[in-house]
Structures are given as structure tokens and as C-alpha cells.
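The structure appears right after this line, and notes come after that.
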Amino acid sequence: MRIVRTIADLRALLRPLREEGKRIGFVPTMGFLHEGHGSLIRQSAARCDVTIVSIFVNPTQFGPGEDLANYPRDLEKDQNLCLEAGASVLFLPEVSEIYPTGFQTHVEPGRLAEPLCGGFRPGHFRGVATVVAKLFNMVQPDLAFFGQKDYQQTVVTRRMARDLNMPVDVVVVPTVREADGLAMSSRNAYLDEDARRRALCISQGLLAAKAAFDAGERSTERLLEIVRKSLAEVDSIQYAELVDTQNLEPLPEQVDRAAVLCVAAYVGTTRLIDNVLFTPASPGTGSAPTLKSS
Ligand code: AMP
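Each residue of the sequence shown is one higher than the one before, counting from 83 in the numbering used here.
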């Protein structure tokens with residue numbers, strides 16, 4: 083596995099591979115990697131000839147008062163995970179490499195960035211879309227792998243790739259969970275023992291709603307009620323919403339099309355998100371669709 087830190091070195095490394103017709107897979111991350119990231123890297127390694135993993139804690143997607151300065155880091159562990167999962171290149175740019183002095187051009191996502199997390203983290207998806215567009219331009223991947231856990235991010239990214247004619251397929255990989263169901267997240271490292279125990283009610287509520295859906299429940303209100311009841315142990319709920327998988331608009335009464343039940347909540351000072359997919363045509367599958375851009 084090669085480690086590169088500059089865009090020039092990355093381009094020099096990838097150019098001959100691209101000319102040889104190698105299929106290039108890309109997994110953008112913010113580091114402090116866990117098996118959720120591992121799953122993305124493994125999928126890329128299985129489907130592509132070359133897999134590039136980036137680790138970049140992107141300052142423009144953090145709001146004031148968020149955890150940018152404290153974001154957890156462990157480069158040695160990350161390197162081992164990347165190597166073991168089959169990455170070919172690890173890209174570790176400095177902030178000044180990505181945002182040199184004078185930087186002033188951003189990607190402004192549209193309506194898809196407004197609901198859910200967008201409502202509580204102003205500017206977050208603008209920062210995400212901008213850095214992902216920049217990374218796509220640097221890596222020029224054929225396939226890019228994103229986790230279902232950050233569902234809105236996958237939708238915003240797919241839309242951006244389509245709208246800006248980026249020739250990349252956005253592949254969404256199912257959420258990897260701890261043995262007890264908690265969605266893996268770098269931010270789980272912030273949880274003390276009590277918070278870790280209480281955080282479990284998020285996945286428990288979502289999975290209970292999913293079980294009810296699989297058993298035939300289609301009422302939006304009743305499915306949301308199951309989740310809200312389960313969330314009693316969190317300190318505050320930012321949102322619990324059942325939305326259309328494509329346009330992220332709330333489903334008024336019934337789950338009559340593909341839907342995603344999304345939650346964001348605070349446990350102590352840690353903000354956690356999670357979601358489950360409902361697919362009325364084939365209940366019980368729950369796997370993320372492969373999203374293609376043209
Ligand atoms: P992050 O490092 O948190 O920016 O995440 C990098 C990528 O890993 C994003 O596409 C995330 O959606 C994905 N990811 C994070 N947690 C998980 C998980 N538990 N399962 C699958 N993918 C994940």
C-alpha cells in the first residue's frame with residue numbers, strides 16, 4: 083500500500099494505472115477507521131483494480147462548536163485497517179493541500195441538503211459536496227463507496243455527481259453494526275460506559291420499527307411512534323423522520339414506496355445518527371440500492 087500526501091503525487095501515481103485501463107475505486111473518510119469503513123474498502127477492493135482511501139478531516143463540513151478540533155485520530159491503526167482491507171493507496175492530504183490560500187469556490191447542493199441533518203447543521207452539506215467534488219477531481223474514480231449510515235450524504239453526493247456530470251458511480255454500502263446493533267461510528271469513541279449503554283436505544287428503536295414494517299405495519303405514524311418510544315434514553319432527539327429514499331420528503335401517512343427512517347440524537351454531548359431502509363415491494367431485504375450517476 084502506497085501512502086501519498088500531495089495531489090501531484092496522487093495524480094502521478096494514478097495516471098499510468100488509468101492509462102492501463104485499471105478500474106479505480108475510491109473511499110473518502112475522515113479517519114479513526116472501524117469495520118464500517120473496512121466494509122467500504124473491501125467492497126471497493128473486490129470490485130476495482132485499485133482502491134484509494136483518503137483520510138481528511140474536512141474543516142468546511144464542521145459548524146462552529148462542533149467537534150473538528152477534537153475529532154479522534156489514530157493513523158497507525160487506520161493504516162493497518164486499510165492495508166488489511168485491501169487498499170492500494172492511502173491519501174493523507176494536509177488542510178493546506180486541499181484548501182490553499184485564496185480558496186473561494188464551493189459546491190452548493192440544492193433541496194436535498196435542506197431537511198434532516200441539513201436543518202441542524204447549516205453549511206454541512208455544502209462542505210461535504212465541495213470536498214467530495216474536489217476529491218473526485220483528484221482521484222477521478224470509476225466507483226466511489228459511501229456508507230448507508232450517512233444516508234442523506236449518499237443522496238446529496240449522487241445528485242451532485244449527476245448534476246455536475248462527474249463520471250463516477252456512487253455505490254452505497256449497508257451500515258455495519260456492533261454485535262448489539264449500535265451503528266459503528268468514529269464518534270462512538272466519545273461515549274462513556276453509561277452513554278454507550280443508552281445509545282443502544284437508537285438502533286433498537288429503528289430495528290424494532292423495521293421488524294414491525296416487515297410484519298406488515300405501513301402506518302407512518304405508528305412506525306415513528308415505535309422509534310420515538312425507544313428513544314427515551316437519549317438526552318435529546320434532533321429528528322426522527324420517515325422520508326422518501328429519493329427526494330427525502332416526509333411520507334404523510336403510509337409507507338407506499340421505498341422509504342428511509344432516519345434518526346439524529348444526542349447522547350450526552352455526542353451527536354449520533356442512524357437509519358433503516360423500508361422497501362415495500364420486497365419487505366425484509368433492507369439492502370441499500372446501488373446509486374448510479376450518468
Ligand atoms: P466518515 O469517516 O465518518 O466520514 O465516514 C466515511 C465513510 O464511511 C462514509 O461514507 C460513511 O457513511 C461510511 N461509514 C461510516 N460508518 C459506517 C458504518 N457503520 N457502516 C458503513 N459505512 C459507514
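Here a beta-carbon is modelled for each residue, glycine too, at the ideal position from N, C-alpha and C.
Residue i, enclosing beta strand (DSSP E) - first and last residue
i      : result
Asn247 : From DSSP, Asn247 is part of no beta strand (DSSP E); its letter is neither H nor E.
Asn152 : Asn152 -> no beta strand (DSSP E), and no H or E assigned at all.
Asn357 : 352-360
Simplified DSSP state of residue i, which is helix, strand or coil
i      : result
Pro98  : helix
Thr212 : helix
Arg84  : strand
Glu315 : helix
Val253 : strand
Cys344 : strand
Glu37  : Residue numbering for the chain in the displayed model covers 83 to 376; residue 37 lies beyond these limits and cannot be assessed.
Val132 : strand
Gly107 : strand
Phe295 : helix
Arg310 : helix
Distance between residue j and residue i (C-alpha atoms, nearest Å)
i      : j      : result
Asp91  : Ser318 : 45 Å
Val358 : Val342 : 6 Å
Val210 : Lys292 : 29 Å
Phe360 : Cys199 : 20 Å
Glu275 : Ala281 : 10 Å
Val214 : Ala271 : 25 Å
Ser126 : Arg279 : 33 Å
Glu307 : Pro197 : 20 Å
Pro249 : Ala243 : 7 Å
C-beta contact flag for residue i and residue j at 8 Å
i      : j      : result
Cys344 : Glu315 : no
Phe207 : Pro191 : yes
Ile85  : Leu96  : no
Thr111 : Val135 : yes
Thr183 : Gly229 : no
Val253 : Leu225 : yes
Leu324 : Leu305 : yes
Ile180 : Lys231 : no
Span of the alpha helix (DSSP H) around residue i
i      : result
Val177 : 177-180
Phe202 : 199-202
Strictly closer than 6 Å from CB to any heavy atom of the ligand AMP: give me those residues in the order they appear in the chain.
Per the Cβ criterion, the list is Thr111, Met112, Gly118, His119, Ser121, Leu122, Phe228, Gly229, Lys231, Asp232, Val255, Thr257, Val258, Ala265, Met266, Ser267, Ser268.
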